[in-house]
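So the structure is just underneath, and the comments pick up after that.
In my numbering, the protein residues as written are 62 to 193.
Structural data, given as structure tokens:
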């Protein structure tokens, strides 16, 4: 069993993921939302990112074709009592290979459930990932 686990880890594809974000003082940061992903299959990546001290996001990314992918993000906040559907975002993105295993991933995500005004305002993100 240990040999099978080691073989799985040795042949696995891991990715370091970060999102470029604007901080309160209007400067840009690439370290506020860091994460790691595991390539489960050729098309499916699962991972976790940390946004702040107590806010985690579980993500799944499915490659559709030619660098286009869909994503589902679950925003976990230990202090929140919101319903499950209030915490789920769906999106689409595209991966540009920059250098060897370095990728730039522009993407658009929006909440699965509308807010109290009936609106679902999405966000345009710029992510950077590196595959190991």
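Virtual Cβ for every residue (Gly too), placed ideally from N, Cα, C.
In the DSSP annotation of this structure, the continuous segment of the beta strand (DSSP E) that includes residue 158 starts and ends at 157 to 160. Under the DSSP assignment, residue 166 falls in the beta strand (DSSP E) whose first and last residues are 163 to 172.
When 171, 88, 110, 89 are compared, the shortest CA-CA separation from residue 131 is found for 171. Closest option to residue 152, judged by alpha-carbon separation, among 191, 167, 145: 167. At the C-beta level, residue 120 and residue 98 come within 9 angstroms of one another.
The DSSP-derived three-state label of residue 147 is helix. DSSP places residue 193 in the coil class of the three-state scheme, outside both helix and strand. Here the C-alpha atom of residue 74 lies approximately 15 angstroms from the C-alpha atom of residue 123.
In this structure, DSSP gives residue 102 a state outside helix and strand, which the three-state scheme calls coil. Setting aside the 5 residues that flank it on each side, residue 89 is surrounded in the same chain by 81, 83, each with a C-beta closer than 7 angstroms to its C-beta; the list follows chain order.
Taking C-beta atoms as the reference points, residue 144 and residue 193 fail to come closer than 9 angstroms. Here residue 128 carries a coil assignment [DSSP, helix/strand/coil].
Counting only the Cα atoms, residue 128 lies some 7 angstroms from residue 157.
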